[in-house]
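Colleague: First residue of the sequence shown: 1, per my numbering; consecutive thereafter.
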Amino acid sequence: MKQRERWSSKLIFIFAAIGSAVGLGNIWRFPYLAAKYGGGAFLIPYVIMLLVLGVPLLIMEFAIGQKMQLGAVGSFKKIKRKLSGIGLGAVLCGFVVVSYYTVVMAWCLIYFIYSFTLKWGASTKDFFFNDVLHISKGVGDIGFISVEIIFALVVVWTLIYFSVWKGVKSVGKVVMVTMPLPIILLIILFIRGITLPGAMEGIVFYLKPNFAALLDIEVWSAAMSQIFFTLSLAFGIMIAYASYQHESSDIAKTAIITSLVNSGISIFAGFVVFSTLGYMASTSGVPIAELAKESGPSLAFIVFPKALSLIPFAPFFAVAFFVMLITLGIDSAFSLVEAASTVIYDKYPHVRKQDISLYVCVFGFACGILFTTFAGLYYLDITDHFITNYGLVIVGLLEVWAVGWLYGVDKLRNYINQVSDVKIGKWWNVAIKYIIPVCLVILLIGTFLKDIRTPYEGYPQWALFCFGWLILGGVLLISYLFAHFSNE
Ligand code: PHE
Numbered sequence: 001m002k003q004r005e006r007w008s009s010k011l012i013f014i015f016a017a018i019g020s021a022v023g024l025g026n027i028w029r030f031p032y033l034a035a036k037y038g039g040g041a042f043l044i045p046y047v048i049m050l051l052v053l054g055v056p057l058l059i060m061e062f063a064i065g066q067k068m069q070l071g072a073v074g075s076f077k078k079i080k081r082k083l084s085g086i087g088l089g090a091v092l093c094g095f096v097v098v099s100y101y102t103v104v105m106a107w108c109l110i111y112f113i114y115s116f117t118l119k120w121g122a123s124t125k126d127f128f129f130n131d132v133l134h135i136s137k138g139v140g141d142i143g144f145i146s147v148e149i150i151f152a153l154v155v156v157w158t159l160i161y162f163s164v165w166k167g168v169k170s171v172g173k174v175v176m177v178t179m180p181l182p183i184i185l186l187i188i189l190f191i192r193g194i195t196l197p198g199a200m201e202g203i204v205f206y207l208k209p210n211f212a213a214l215l216d217i218e219v220w221s222a223a224m225s226q227i228f229f230t231l232s233l234a235f236g237i238m239i240a241y242a243s244y245q246h247e248s249s250d251i252a253k254t255a256i257i258t259s260l261v262n263s264g265i266s267i268f269a270g271f272v273v274f275s276t277l278g279y280m281a282s283t284s285g286v287p288i289a290e291l292a293k294e295s296g297p298s299l300a301f302i303v304f305p306k307a308l309s310l311i312p313f314a315p316f317f318a319v320a321f322f323v324m325l326i327t328l329g330i331d332s333a334f335s336l337v338e339a340a341s342t343v344i345y346d347k348y349p350h351v352r353k354q355d356i357s358l359y360v361c362v363f364g365f366a367c368g369i370l371f372t373t374f375a376g377l378y379y380l381d382i383t384d385h386f387i388t389n390y391g392l393v394i395v396g397l398l399e400v401w402a403v404g405w406l407y408g409v410d411k412l413r414n415y416i417n418q419v420s421d422v423k424i425g426k427w428w429n430v431a432i433k434y435i436i437p438v439c440l441v442i443l444l445i446g447t448f449l450k451d452i453r454t455p456y457e458g459y460p461q462w463a464l465f466c467f468g469w470l471i472l473g474g475v476l477l478i479s480y481l482f483a484h485f486s487n488e
C-alpha cells in the first residue's frame, strides 16, 4: 500500500486549515449579516454559535479525518458502510458551493484588472450590473454567456489547478503566501479605513448593540449557518486535510486556534468594511443603513469600488482590495478541490492524483458556466440559499448523528485526548450528542417554514424549484443511492 501524503509541518497544516476557513465569507458575508441583524447584537449569537457549534464540530471533523486517515467518504464508511453517503453529501455540497464561489472570484479578477484605471467610474452599480454581469431582466431570461466572466473563470480554475496539482505538497507551498498575504492587505486597508473621516460613525453602527434582535430566531439561524460556511464545516474539507496529518498529531489546540483566528479575522474585517462605509456615508450623504443594505455579494463590487475611488492613491488601495479577495478565495476554493480529489484518490489509488485534480477542476468549471450567464447572479443567489441553509445543515446533522450515536463520542474523545495537549471534557459529548443536533433541527425547521410562507427573495416558484430544491434534492439523492448501493 502506498504511503499517505503528509503535510510538511504542523504549521503548514494550520495555515492550510485557516486558509480554507478564511475566505470571501469573512469579508462580505460576515459584516453583511452583522449589519442586517443589529450590529453588535449579532456578535453575541455569532460567538455563542462559534463556541457551541463551531469549535466542537471542527474538533470532530479533524479527529475523524486524522483517526481514519481517509477523506470524508472513506472516513464515514469506516464507521459503518452505509454512512459513506454522508461523506459524499458533504463533498457534493461543497462542490456546488465552489462552482459559484469561483464565479465570484472571476468577478474579483475582472475588478482587479479594472482597479489600475478605476474603470468603474462614478456609477458603480450600473457598471457592475450592466457592464460586468450584463444582468438580464429576470430569472427566466438566461441571455448568453458573458465572455469576459467565462474567460476569468478559466483563469481562476487554472490557478486553482496549479495550486493543488501536486497534492498537499503544492498546497503547502501556496498557502504560505495565500494565507498571510490577504491578512497583511487587510491590515493596510484597516489602517486606511479607520483614519478616514466619518469612519467612527461606521464603526459605531457596526458595534452598537440591538438586543431586541436576540429574540428573533432568524438571527440565530443566520449565525449558525455562517459558522458552518466560514469554518468550511460539512464540506468534507477539514476531514480530508486532517487525514494528511500523522495519527498522533494534536487535534484540540489546532482546532481551537483555527476557529479563533478565523473569527478574529471576520470581526477585524468588519472594522474595515464599516469604517469605509462610514466614510462613504459622510462624503455622499447617504445614510450608512442604506449603504449596508447593498451588502452581500454586491458589497465588494458596488460599495467598495465606489468608496475606494474616493480615497487618495485610489488605484493602489483598489488593487490591494481585489488581490486580497482573490487570495482569500483561492485557498478556500482549492481546499474543496483537494477534498474531492482525496475522496476519489482513496477509492482509486492507482490513478495519478494530478489527473484526478484535473478532472475535478474541469468538472467544477463546467458546473460554474451556468453562473456566468446573464441571469447567473439570480441562479447564484438561489443556489447559495438552498445549499448553505439546508445542504450543509443536513450533512452536519448526519455527521453528529453518525459520530455521536453510532461511532461513540467517548471513543473519539479518548482518541482526541490521547493526542492533544488541551484535554477535552465531557461537555464535548453533550454538545455532539444533544445540543448541536437540537440546534440544527430547530434551524432547519425554522428556515423551512419561512421558505414555505414567503418564497425566497420573491423569486418565482419554478426558479426556486430548479435552482434550489432540485439541486439540493439531487445532492441528497445521489448521496443516498451511493450509500445504498455501496457494498464493499
Ligand atoms: N470558509 C470559506 C469562506 O468563508 C467557505 C468556502 C470553503 C467556500 C470552501 C468554498 C470552498 O469563504
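Heads up, the beta-carbon is just placed ideally off N, CA and C, and yes, glycines get one too.
The model shown is predicted, which means the values in this text are computed figures rather than measured ones.
1. On the DSSP bridge assignment, give the partners of T373 in chain order.
2. For my contact list, L118 and A314 are in at a C-beta cut-off of 8 Å; report their separation, rounded to the angstrom.
3. With burial defined as no fewer than 16 other Cβ atoms inside 10 Å of the residue's Cβ, what is the status of T473: buried or exposed?
4. Nearest-angstrom Cα distance between I489 and G270?
5. Report the three-state DSSP secondary structure of P287 (helix, strand or coil).
6. Under 6 Å Cβ to Cβ from P305, same chain only, skipping five residues before and after it: list those, please.
7. Between F235 and the ligand PHE, is the CB less than 7 Å from at least one heavy atom?
8. Leaving aside the five residues before and after I27 along the sequence, list all residues of the same chain whose C-beta is less than 6 Å from its C-beta, in chain order.
9. Rounding to the nearest angstrom, what Cα-Cα distance links L464 and A307 in this structure?
10. May I ask you to check if the CB of S332 is nearer than 7 Å to at least one heavy atom of the ligand PHE?
11. Within 7 Å: the Cβ of A21 and any heavy atom of the ligand PHE?
12. Measuring CA to CA, which of K67, I191, C93, S335 is closest to S479?
13. For the region 217-242, list the alpha helix (DSSP H) runs that are entirely contained and at least 4 residues long, ordered along the chain.
14. Grab me the residues of G87's own chain with a C-beta within less than 8 Å of its C-beta, minus the 5 sequence neighbours each way, in chain order.
15. Taking 7 Å as the cut-off, is the C-beta of T230 nearer than that to any heavy atom in the ligand ZN?
16. Pop quiz: S8 and G364 are said to be a contact at Cβ under 8 Å. What is the actual Cβ separation, rounded to whole angstroms?
17. Give me the residue from Y206, A213, F301 with the minimum Cα distance to S275.
18. According to DSSP, is G39 helix, strand or coil?
19. What did DSSP end up calling P490 once you bin it into helix, strand or coil?
20. By DSSP, does P315 sit in helix, in strand, or in coil?
21. So does the region 202-220 actually touch the region 34-41, counting three or more Cβ pairs closer than 8 Å?
22. Counting Cβ pairs closer than 8 Å, one from the region 151-169 and one from the region 403-416, do we hit at least three?
23. With a Cβ-Cβ cutoff of 8 Å, do P312 and A41 count as a contact?
24. Hey, could you find the ends of the alpha helix (DSSP H) D421 is sitting in?
25. In whole angstroms, what separates the C-alpha of R453 from that of G446?
26. On a Cα-Cα basis, can you pick out the residue from G138, G54, L181, S420 that is closest to L260?
27. Any heavy atom of the ligand PHE inside 7 Å of the beta-carbon of L24?
28. Would you kindly work out how many angstroms separate the C-alpha atoms of I471 and F386, rounded to a whole number?
29. Locate the alpha helix (DSSP H) running through M60, then write down its first and last residues.
30. Find out if the Cβ-Cβ distance for the pair L233, L58 is shorter than 8 Å.
31. Any heavy atom of the ligand PHE closer than 7 Å to the CB of G54?
32. Could you check which residue in F144, Y390, K82, V171 has the C-alpha nearest to that of Q498?
33. Mapping the DSSP letters down to three states, classify L118 as helix, strand or coil.
34. Around the Cβ of A16, are there at least 16 other Cβ atoms within 10 angstroms (buried) or fewer (exposed)?
35. Can you give me the Cβ contacts of I150 inside the same chain, cut-off strictly under 6 Å, excluding the 5 residues immediately before and after it?
36. Kindly give me the distance between the Cβ atoms of G376 and I288, rounded to whole angstroms, as I take these residues to be in contact under 8 Å.
Modeller: This is what the structure holds:
1. T373 pairs with I145.
2. Indeed they touch by this definition, with Cβ atoms about 6 Å apart.
3. Residue identity differs from the one stated: residue 473 is Gly in this sequence, not Thr. G473 counts as exposed, since fewer than 16 other beta carbons sit within 10 angstroms of its beta carbon.
4. Residue 489 falls outside the range modelled here, since the chain spans only 1 to 488, and no answer is possible.
5. DSSP places P287 in coil when its eight states are reduced to three.
6. Its chain contains W120, T124 as the residues whose beta carbon lies nearer than 6 Å to that of P305, once the 5 sequence neighbours on both sides are disregarded; these appear in chain order.
7. Distances between the C-beta of F235 and the heavy atoms of the ligand PHE include at least one below 7 Å.
8. Close CB contacts of I27 within its chain, under the 6 Å cut and outside five residues either way in sequence, are with A269 (chain order).
9. Between the alpha carbons of L464 and A307 lies a gap of roughly 34 Å.
10. Yes, the ligand PHE has a heavy atom inside 7 Å of this Cβ.
11. Yes, since a heavy atom of the ligand PHE falls inside the 7 Å radius drawn around the Cβ of A21.
12. Closest option to S479, Cα to Cα, is C93.
13. List check, alpha helix (DSSP H) in window: 217-230, 237-242.
14. Taken in chain order, the residues that qualify are G71, A72, V73, G74, S75, F76, K77, G236, I239, V343.
15. With respect to small molecules bound, the structure shown includes the ligand PHE and not the ligand ZN.
16. Separation of the CB atoms of S8 and G364 is rounded to 26 Å, and the pair is thereby denied contact status at 8 Å.
17. Comparing alpha-carbon positions, the option among Y206, A213, F301 lying closest to S275 turns out to be Y206.
18. DSSP places G39 in strand when its eight states are reduced to three.
19. This structure gives no information on residue 490, because the portion of the chain shown stretches from 1 to 488.
20. Three-state result, P315: helix.
21. As far as the Cβ criterion goes, the region 202-220 touches the region 34-41, which means the pair count is three or higher.
22. Taking 8 Å as the limit for Cβ pairs, the verdict is that the region 403-416 does not touch the region 151-169.
23. 8 Å or more divides the Cβ of P312 from the Cβ of A41.
24. Premise fails: D421 is in no alpha helix (DSSP H) and is neither H nor E.
25. Each residue's Cα considered, the two are about 11 Å apart.
26. Ranked by Cα distance from L260, the first of G138, G54, L181, S420 is G54.
27. Yes, since a heavy atom of the ligand PHE falls inside the 7 Å radius drawn around the Cβ of L24.
28. Taking the straight line from one Cα to the other gives about 8 Å.
29. Bounds of the alpha helix (DSSP H) holding M60 are 55-68.
30. Yes, the pair counts as a contact, with Cβ atoms nearer than the cut-off.
31. No, the ligand PHE has no heavy atom inside 7 Å of this Cβ.
32. As displayed, the chain neither begins before 1 nor continues past 488, which places residue 498 out of reach and without an answer.
33. In the structure shown, L118 adopts coil according to DSSP, grouped into three states.
34. Buried: at least 16 other Cβ atoms inside 10 Å.
35. Taken in chain order, the residues that qualify are T372.
36. Contact between G376 and I288 is ruled out by a C-beta separation of about 29 Å, above the 8 Å threshold.
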